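Student: Numbering of the sequence shown is given in my numbering, commencing with residue 289 and proceeding in unit increments.
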Amino acid sequence: MVSGKIVQYVMDKLKENASEEEIKEKLGDIGISAKSIEQALIKAGKGKKIKVKEDKPASPEEQLRDYIIREINKSVPLESIGGALLKNGWRNDQIQPIFDSLKIMTRPTEGVSIRTNEIDDVMKRNDIKILDKYDFKFMDINVKIVVYSEKAKPTTTYHMIMPAISDTTHLILEEIRLKLIDQVNLSTFDISEGDYDKLDEKIKLLLKKLLIESFPHIDVATQKFLISYLISRILGLGVVQIIKADENLEEIVINSSDEPIYVYHKTWGWCLTNQFLKNQDEIIHIASMTGRKIGREITTLTPLLDAHLPNGDRINATLKPVTAYSPTITIRKFSNDPWTITKFLQTRTMDYNTAALIWLAIHYELSALVVGGTASGKTSCLNVLTSLIPPNQRVISIEDTREIRLPKYMHWVPMVSRAPNPEGKGGIEMEDLLVNSLRMRPDRIIVGEVRKKEQAETLFEAIHTGHSVYATFHANDARETIIRLTNPPVSVPKSMMPAISLLIVQFRNRRSGLRRTFQLAEITREGDSNVLFQYNAKTDSSQPLNQSKTLFETLKLYTGSTMEEINQMLADKLKVLQYLVRHNLSTIEDVGKVMSSYYTDHDLFFKNYILPNRKIE
289 MVSGKIVQYV
299 MDKLKENASE
309 EEIKEKLGDI
319 GISAKSIEQA
329 LIKAGKGKKI
339 KVKEDKPASP
349 EEQLRDYIIR
359 EINKSVPLES
369 IGGALLKNGW
379 RNDQIQPIFD
389 SLKIMTRPTE
399 GVSIRTNEID
409 DVMKRNDIKI
419 LDKYDFKFMD
429 INVKIVVYSE
439 KAKPTTTYHM
449 IMPAISDTTH
459 LILEEIRLKL
469 IDQVNLSTFD
479 ISEGDYDKLD
489 EKIKLLLKKL
499 LIESFPHIDV
509 ATQKFLISYL
519 ISRILGLGVV
529 QIIKADENLE
539 EIVINSSDEP
549 IYVYHKTWGW
559 CLTNQFLKNQ
569 DEIIHIASMT
579 GRKIGREITT
589 LTPLLDAHLP
599 NGDRINATLK
609 PVTAYSPTIT
619 IRKFSNDPWT
629 ITKFLQTRTM
639 DYNTAALIWL
649 AIHYELSALV
659 VGGTASGKTS
669 CLNVLTSLIP
679 PNQRVISIED
689 TREIRLPKYM
699 HWVPMVSRAP
709 NPEGKGGIEM
719 EDLLVNSLRM
729 RPDRIIVGEV
739 RKKEQAETLF
749 EAIHTGHSVY
759 ATFHANDARE
769 TIIRLTNPPV
779 SVPKSMMPAI
789 SLLIVQFRNR
799 RSGLRRTFQL
809 AEITREGDSN
819 VLFQYNAKTD
829 SSQPLNQSKT
839 LFETLKLYTG
849 STMEEINQML
859 ADKLKVLQYL
869 VRHNLSTIED
879 VGKVMSSYYT
889 DHDLFFKNYI
899 LPNRKIE
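(1) Let me make sure I understand the geometry here. Which of T443, N430, R465 and Q351 has the alpha-carbon closest to that of G371?
(2) What is the residue span of the beta strand (DSSP E) that T606 lies within?
(3) So, with DSSP's three-state summary, where would you put S576?
(4) Note down, one range per segment and in chain order, each alpha helix (DSSP H) of at least 4 residues found wholly within the region 664 to 738.
(5) Among I603, T444 and R580, which has the Cα closest to the Cα of W558?
(6) Taking all protein chains shown into account, decide if I357 is buried (16 or more other Cβ within 10 angstroms of its Cβ) or exposed.
(7) With three or more C-beta pairs closer than 8 Å as the rule, is the region 547 to 557 touching the region 526 to 537?
(8) Just curious, the alpha helix (DSSP H) that T888 is in, first and last residue?
(9) For the beta strand (DSSP E) that D423 lies in, which residues bound it at each end?
(10) If you drop the 5 nearest sequence neighbours on each side, which residues of the same chain put their C-beta closer than 8 Å to that of R767?
(11) Any idea which residues DSSP pairs K432 with across the strands?
(12) With DSSP collapsed to three states, give me the class of E538.
(13) So for I330, helix, strand or coil by DSSP?
(14) Distance, Cα to Cα, N604 vs T689?
(15) For Q794, list the residues DSSP reports as bridge partners.
(16) Would you mind sorting V508 into buried or exposed? The rule is 16 or more other CB atoms within 10 Å of its CB.
(17) Note down the Cα distance separating S437 from P708, rounded to an integer number of angstroms.
(18) Roughly how many whole angstroms lie between the Cα atoms of K740 and I686?
(19) For a test of the three-state rule: what should DSSP assign to F622, helix, strand or coil?
(20) Between the region 606 to 615 and the region 641 to 653, are three or more C-beta pairs nearer than 8 Å?
(21) Where does D860 fall in DSSP's three states?
(22) So, with DSSP's three-state summary, where would you put S520?
(23) Can you tell me which of the three DSSP states G557 falls into?
(24) In whole angstroms, give me the CA-to-CA distance for I522 and Q807.
(25) Does the separation of the CB atoms of S756 and L654 fall below 8 Å?
(26) Given that a residue counts as buried once 16 or more other Cβ atoms are within 10 Å of its Cβ, and exposed if not, what is V364?
(27) Alpha carbon to alpha carbon, how far is N896 from F622? Give it in angstroms, no decimals.
(28) Between the region 570 to 577 and the region 669 to 684, can you find at least three pairs of beta-carbon atoms closer than 8 Å?
(29) E438 bridges to which residues according to DSSP?
(30) What's the gap between the Cα of T850 and the Cα of R803?
(31) Check the DSSP bridge columns for H596 and list the partner residues they point to.
(32) At which residues does the alpha helix (DSSP H) containing L633 begin and terminate?
(33) Could you give the first and the last residue of the continuous beta strand (DSSP E) run that contains A643?
(34) Smallest Cα separation from T630: which of S874, Y846, L373 and R580?
(35) Since I believe A750 is in contact with N733 (beta carbons under 8 Å), could you give me their beta-carbon distance rounded to a whole number of angstroms?
(36) Within the same chain, show all residues whose beta-carbon is closer than 7 Å to that of A595, passing over the 5 residues directly before and after it, in chain order.
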């Protein structure tokens, strides 16, 4: 007999003027057999109980089979069918026999199929130009990358090739994932406070046990691969987590599930990938999960998320209706191998004479602003220059989002502002942190970016109280910097401008994409800019432009040095910079060793390393 609940449901829907086809589709979607639906329609249509010829009710297995066939006929992906059934309480040993009987797929012996020939297929194409190819690893997943340009397509393609898992294995892994979630109490781990590694290790052990139960005969390499894959799904961001492992990328952008994921490559700029997210729900899931990791929420009430992950990556996410067509995610990667002064010199981002003069100013506690347009390398430059600060001085950094990264050997306290909660409480502004930092006995203060009048005023007040301050600011050149600082909305009095000794202007060539130090300028006592070095785009070199009016006079005043002594200091710093490049001391730790030795005992360092040209160990 058909269930009374189903009959009641049909009667209610008929009262709502629902069509029979709509009712059949709704009941079919939840696994009710066609025969039971017909009986319910007959009973509901009469409005009273009618004896219906008793047929043997469809078994749960028959209902499951009918449901799978209907979903397949709707072209629903097999993985989605299996995943939905597992979430609704069906087991894999109930689902798989039906798939097998329909001859949809068979269980693979090893659980993973690897498309070993895909890279060959790409390389054999005649309509593309291969620009780059390399490998990287995410945990135990090997990933191959082919970057190529294609005729009649303006965007470069970033083609990612990695092991492909069969549909059957996806179903089993989904079941394992759900079992794991039941066994692990995520609430006992404060991931945002550093428990992520503990959770990672616990999950690895549980996954190994569950995988052995489901795949008793797989080898160790395959087991490690499956663990890596599942961790990317459970703790990470799925395929986005794997893409993030490529150190050659700066940005990862998701505009919509209908579009491929975009990446910004350090060498090739914006590239279109061959990876998609399944639907908008997956984008929302990634944004929400990321927010939970850092103790933030993104909902329809708070549809904006701008924060940094525990590893330093910056994430921005938006939901509808803020972005009209789809939720979006933008991830700016925080490099594990950050820029250093050596790399700036090696890539000709900055020339030796400019670097030596900036180092001299920083050594003797003169303040500086790093300015430039969007994506010109302001933060990278600020990071590079802070490694030139004497390591025995206390440094406080203040940012909206953590982007500054100083060497471990430095006496450094990073501070980050906080947005208010949905009730508008608990917010901490950058100007609050600036005021507080003055009471923390800093020798140097670093401000991530100056945007508001209050921030600029506090910054200049900090300089006037005897602190060296370094910050970034949006402007295209030295002259524009003065104009923007002294006019609304910032409106700092021009008389305060000389507190800033140097303006370091970063620049991105709009044709080649190369980043360079465009200008090095001082601020005169009248509050105007005086450009000392100017970059020439035609020759790709920096050239002296004007004589200094105030910088060297300030150095003489604060150091008691003569001009001859200042020139000798510049020459010494030039030799150290050349030494760094000559011996390829390019990591932040290598540069740190050199700076520490230089500042500890200048003469001994020159005697032991610079003069004999011996590499520091």
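A virtual CB, placed ideally from N, CA and C, is assigned to each residue, including glycine. Quick caveat: nothing in here was measured; it's all calculated off a predicted structure.
Tutor: With the given structure in hand:
(1) Position 83 of the sequence shown, counted from the first residue, corresponds to residue 371. Of the listed residues, the one whose Cα sits closest to G371 is R465.
(2) One-based indexing of the sequence shown puts residue 606 at position 318. It spans R602 to T606 - the beta strand (DSSP E) in which T606 sits, taken as one unbroken run.
(3) Position 288 of the sequence shown holds residue 576. Helix, per DSSP.
(4) 666 to 674 and 718 to 725
(5) Taking the sequence shown and counting its residues from 1, the one referred to as residue 558 is at position 270. Looking at the Cα atoms, T444 is the closest of the given residues.
(6) On the sequence shown, position 69 is the one that residue 357 refers to. The residue in question, I357, is exposed, as its Cβ has fewer than 16 Cβ neighbours within 10 Å.
(7) yes
(8) To locate residue 888, count along the sequence shown from 1; it is residue 600. Here the alpha helix (DSSP H) through T888 covers I876 to T888.
(9) Here residue 423 refers to the residue found at position 135 of the sequence shown. That run of the beta strand (DSSP E) goes I416 to F426.
(10) Here the question's residue 767 lines up with position 479 in the sequence shown. So the qualifying residues of the chain are S817.
(11) Counted from its first residue, the sequence shown places residue 432 at position 144. D423 and I449, per the DSSP bridge assignment.
(12) The count along the sequence shown starts at 1 and reaches residue 538 at position 250. Strand at E538.
(13) Locating residue 330 in the sequence shown gives position 42, counting from the first residue. I330: helix per DSSP, three-state reduction.
(14) Looking up residue 604 in the sequence shown gives position 316. Looking up residue 689 in the sequence shown gives position 401. Their Cα atoms are separated by approximately 11 Å.
(15) Here residue 794 refers to the residue found at position 506 when the sequence shown is read from its first residue. Paired residue(s): G660 and T805.
(16) On the sequence shown, residue 508 is found 220 positions in, with the first residue counted as 1. Per the 10 Å Cβ criterion, exposed.
(17) Locating residue 437 in the sequence shown gives position 149, counting from the first residue. Locating residue 708 in the sequence shown gives position 420, counting from the first residue. Each residue's Cα considered, the two are about 45 Å apart.
(18) Looking up residue 740 in the sequence shown gives position 452. Looking up residue 686 in the sequence shown gives position 398. The straight-line gap from Cα to Cα measures roughly 14 Å.
(19) Taking the sequence shown and counting its residues from 1, the one referred to as residue 622 is at position 334. In this structure, F622 counts as coil in the three-state DSSP scheme.
(20) no
(21) As a first step, residue 860 is located in the sequence shown; it is residue number 572 there, counting from the start. If DSSP states are grouped into helix, strand and coil, D860 belongs with the helices.
(22) Numbered from its first residue, the sequence shown carries residue 520 at position 232. Here S520 sits in helix by DSSP.
(23) Walking along the sequence shown from the start, residue 557 turns up at place 269. In this structure, G557 counts as strand in the three-state DSSP scheme.
(24) Working through the sequence shown from its first residue, we reach residue 522 at position 234. Working through the sequence shown from its first residue, we reach residue 807 at position 519. Whole-angstrom Cα-Cα distance: 47 Å.
(25) By one-based count along the sequence shown, residue 756 stands at place 468. By one-based count along the sequence shown, residue 654 stands at place 366. In this structure, L654 lies closer than 8 Å to S756 by Cβ.
(26) Locating residue 364 in the sequence shown gives position 76, counting from the first residue. Counting Cβ neighbours within 10 Å, V364 comes out exposed, since fewer than 16 surround it.
(27) Residue 622 sits at position 334 when you count from the first residue of the sequence shown. Residue 896 sits at position 608 when you count from the first residue of the sequence shown. Using only the alpha carbons, I get a separation of about 35 Å.
(28) no
(29) Residue 438 sits at position 150 when you count from the first residue of the sequence shown. DSSP output for E438 lists I416 as bridge partner(s).
(30) The residue given as residue 850 occupies position 562 in the sequence shown. The residue given as residue 803 occupies position 515 in the sequence shown. Cα to Cα, the separation comes out at about 35 Å.
(31) Along the sequence shown, read from residue 1 onward, the residue named residue 596 stands at position 308. Beta-bridge pairing links H596 to R602.
(32) Indexing the sequence shown from 1 puts residue 633 at position 345. L633 -> alpha helix (DSSP H) spans I629 to Q634.
(33) Numbered from 1 along the sequence shown, position 355 holds the residue referred to as residue 643. Here A643 belongs to no beta strand (DSSP E); instead the alpha helix (DSSP H) covers Y640 to H651.
(34) For the purposes of this step, residue 630 is identified with residue 342 of the sequence shown, where counting begins at 1. The shortest Cα separation from T630 among S874, Y846, L373 and R580 belongs to S874.
(35) Position 445 of the sequence shown, counted from the start, is the residue given in the question as residue 733. Position 462 of the sequence shown, counted from the start, is the residue given in the question as residue 750. The amino acid occupying residue 733 in the given sequence is Ile; Asn does not appear at that position. That belief holds up - the Cβ atoms of I733 and A750 are roughly 6 Å apart, short of 8 Å.
(36) Within the sequence shown, numbered from 1, the residue matching residue 595 stands at position 307. Cβ within range, chain order: I582, R584, I603 and T689.
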